[in-house]
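Notes follow once the structure below has been shown.
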Amino acid sequence: MSMMPVQDAIDVMLSQVSPLVATEHLGLAAALGRVLASDIRAEVTVPAFDNSAMDGYALRAVEAVPGNTLPLAGTALAGHAFEGAVPANNCVRITTGAVLPEGLDTVVMQEQVEQAGQGIRLLHAPKPGEHVRKAGEDIAPGQLVLSKGQRLSAVDLGLLASIGQAEVTVHRQIKAAVFSTGDELIAPGQPLPAGHLYDSNRVVLTAMLKRLDCDVLDLGLLPDKPEAIRQAILQASDEADVLITSAGVSVGDADYTRQLLSELGDIGFWKVAMKPGKPFAFGSLGTCWFFGLPGNPVAAVATMDVLVQPVLRRLAGEPMAMLRQQPLAAVSAETLRKTPGRADFQRGFYQQLDGQLQVKPVGRQSSAVLSGAAKANCYIALEQERGPVAAGEKVHILPFYQMLR
Ligand SMILES: Nc1nc2c(c(=O)[nH]1)N[C@H]1C(S)=C(S)[C@@H](COP(=O)(O)OP(=O)(O)OC[C@H]3O[C@@H](n4cnc5c(N)ncnc54)[C@H](O)[C@@H]3O)O[C@H]1N2
Ligand code: MOO
1 MSMMPVQDAI DVMLSQVSPL VATEHLGLAA ALGRVLASDI RAEVTVPAFD
51 NSAMDGYALR AVEAVPGNTL PLAGTALAGH AFEGAVPANN CVRITTGAVL
101 PEGLDTVVMQ EQVEQAGQGI RLLHAPKPGE HVRKAGEDIA PGQLVLSKGQ
151 RLSAVDLGLL ASIGQAEVTV HRQIKAAVFS TGDELIAPGQ PLPAGHLYDS
201 NRVVLTAMLK RLDCDVLDLG LLPDKPEAIR QAILQASDEA DVLITSAGVS
251 VGDADYTRQL LSELGDIGFW KVAMKPGKPF AFGSLGTCWF FGLPGNPVAA
301 VATMDVLVQP VLRRLAGEPM AMLRQQPLAA VSAETLRKTP GRADFQRGFY
351 QQLDGQLQVK PVGRQSSAVL SGAAKANCYI ALEQERGPVA AGEKVHILPF
401 YQMLR
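Quick note on full-length UniProt numbering: the sequence shown kicks off at 1 and runs consecutively.
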């Protein structure tokens with residue numbers, strides 16, 4: 001089987017999955033990171049009334065002649081409006097957010113007046129409407145506030161609260177099963193026998209899935225025994241929407257996962273022209289999608305970020321238009337090794353320097369070494385057919401804020 005270019009692999013997967021249809025109603029406190037299942041339109045006006053943007057004095061702009069003294073007719077505090085009519089050539093003491101009294105149109109900041117007996121003396125001529133927030137200037141009734149498919153941020157939740165909404169309808173969470181395989185693996189916290197290493201992939205993958213608000217079904221650390229792996233695959237296909245495994249997808253003697261998958265389900269494709277991450281497998285087990293990630297820790301992370309992330313976001317209900325990762329242009333500070341044939345996702349650190357982004361590789365670039373990846377803040381994404389990069393050449397980077405870190 002030949003290697004599939006990265007974008008083709010993403011396109012093939014996206015052409016097959018569609019958003020989970022089930023939805024649920026959640027209170028705002030539980031909705032952070034969830035994906036909206038319908039458009040949200042405002043039923044209210046925000047702000048609901050003309051109000052003051054400053055602490056100061058409300059008046060009529062036509063009566064505000066510098067040097068004149070205006071007597072105080074009363075007080076308007078936030079939450080406690082001034083009731084009644086304001087006599088001609090009077091003003092009202094007002095605080096930020098208080099209702100603008102009937103008939104008044106302008107607010108003068110308190111720093112721009114002098115106290116004068118029972119009133120104030122104006123030091124400047126305000127513009128009509130100065131420091132007044134008009135009713136509806138933020139949101140009008142019927143206005144689209146948030147669109148279906150939007151993943152809710154902290155600010156989005158605040159926006160919903162500001163229009164009086166206490167609940168939202170969101171897509172249900174993706175149920176994602178995860179397991180690790182390998183007789184050489186030991187759970188963290190245990191002593192490490194000779195020839196073994198700790199199972200870090202399951203920890204990383206679970207955390208990355210939580211970043212996308214998935215409900216994780218941890219099927220544990222499995223030995224290289226076909227029967228154990230078969231049971232886990234069957235459980236995942238019964239209970240989960242996706243199964244994400246690491247290791248066992250290459251050509252080694254104990255690489256059972258891919259073998260079992262072709263027996264129990266369908267392999268869509270295997271091998272992507274990506275470094276790290278070549279032995280990635282995609283397929284299905286009935287209604288459960290399967291992603292077989294390479295065992296090397298950095299390869300598992302990179303394939304999760306670049307290949308699996310868009311597919312999970314689509315499944316969660318995000319629109320196609322939101323899924324494409326947005327590379328930035330940067331200048332490489334160093335020469336980079338690269339051979340044509342696979343798109344390379346080197347781990348880099350970028351910063352702003354002399355008005356442009358500059359990037360350099362960090363740590364050892366081996367796909368078995370997590371320490372370099374932990375210091376990086378971006379992938380240096382080198383195109384499939386590109387060769388070595390000289391210092392000073394333009395490259396594309398994918399900042400980790402777009403990734404599942
Ligand atoms: N003859 C070939 N050998 C290899 C090829 C190839 O094309 N031909 N590809 C290499 C590449 S690239 C990768 S990546 C790995 C992927 O192999 P597998 O996905 O089958 O994974 P394993 O061989 O079982 O393990 C690879 C490596 O990762 C460690 N590992 C596995 N699971 C975990 C875990 N949960 N936590 C931490 N580390 C893990 C494992 O011990 C190995 O060191 O194959 C190359 N070989
Ligand atoms: O491509 Mo493997 O996934 O580099 O080490």
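Glycine included, every Cβ here is placed at the ideal spot set by N, Cα and C. If you're wondering where the values come from, they're calculated on a predicted model, not measured in any experiment.
Pairing residue 278 with residue 255, the inter-Cα distance amounts to about 15 Å.
By the 16-neighbour rule on beta-carbons within 10 angstroms, residue 128 is exposed. In chain order, the residues positioned with their C-beta nearer than 5 Å to some heavy atom of ligand 2 are 276, 277, 278, 294, 296, 299, 367. Straight-line spacing of the CA atoms in residue 250 and residue 294 works out to 7 Å.
DSSP places residue 328 in the uninterrupted beta strand (DSSP E) bounded by 328-332. For residue 13, the uninterrupted alpha helix (DSSP H) run begins and ends at 6-16, by DSSP. CA-CA distance, residue 4 to residue 263, rounds to 22 Å. Around the beta carbon of residue 338, a 10 Å sphere encloses 16 or more other beta carbons of the protein chains shown; the residue is thus reported as buried. Taken through DSSP and simplified to helix, strand or coil, residue 229 comes out as helix. Residue 352 is bridged by DSSP to 357. Scanning 252, 220, 225 for the CA closest to the CA of residue 244 turns up 220. Here the region 99-112 lies against the region 69-86, with 3 or more beta-carbon pairs under 8 Å apart. Here residue 318 has 35, 149, 151 as same chain residues with Cβ atoms under 7 Å from its own Cβ, once five neighbours each way along the sequence are excluded. Bounds of the alpha helix (DSSP H) holding residue 372 are 370-375.
Counted as a single uninterrupted DSSP element, the beta strand (DSSP E) harbouring residue 93 occupies residues 91-94.
According to DSSP, residue 379 shares a beta bridge with 347, 398. A straight line joining the alpha-carbon of residue 24 with that of residue 33 spans about 14 Å. Scanning its chain for C-beta atoms nearer than 7 Å, with the 5 sequence neighbours on each side dropped, one finds around residue 404 the residues 208, 211, 212, 304, 305, 309, in chain order. Straight-line measurement puts the Cα of residue 47 at about 58 Å from the Cα of residue 340. Non-local beta-carbon contacts of residue 299 in its own chain, meaning distances under 6 Å to residues more than five positions away in sequence, involve 276, 277, 367 in chain order. For a cut-off of 8 Å, the C-beta gap from residue 217 to residue 240 is around 5 Å, short enough to register as a contact.
The shortest C-alpha to C-alpha distance from residue 397 to any of 363, 343, 354, 224 is the one to 343. Per DSSP, residue 218 is one residue of the beta strand (DSSP E) stretching across 215-222. Counting only runs of 3+ residues, the beta strand (DSSP E) found wholly inside the region 142-216 occupies 144-146, 167-171, 175-181, in chain order. Per the C-alpha coordinates, the member of 121, 400, 360, 156 positioned closest to residue 72 is 121. Residue 389 is a Cβ neighbour of residue 336, given a cutoff of 7 Å.
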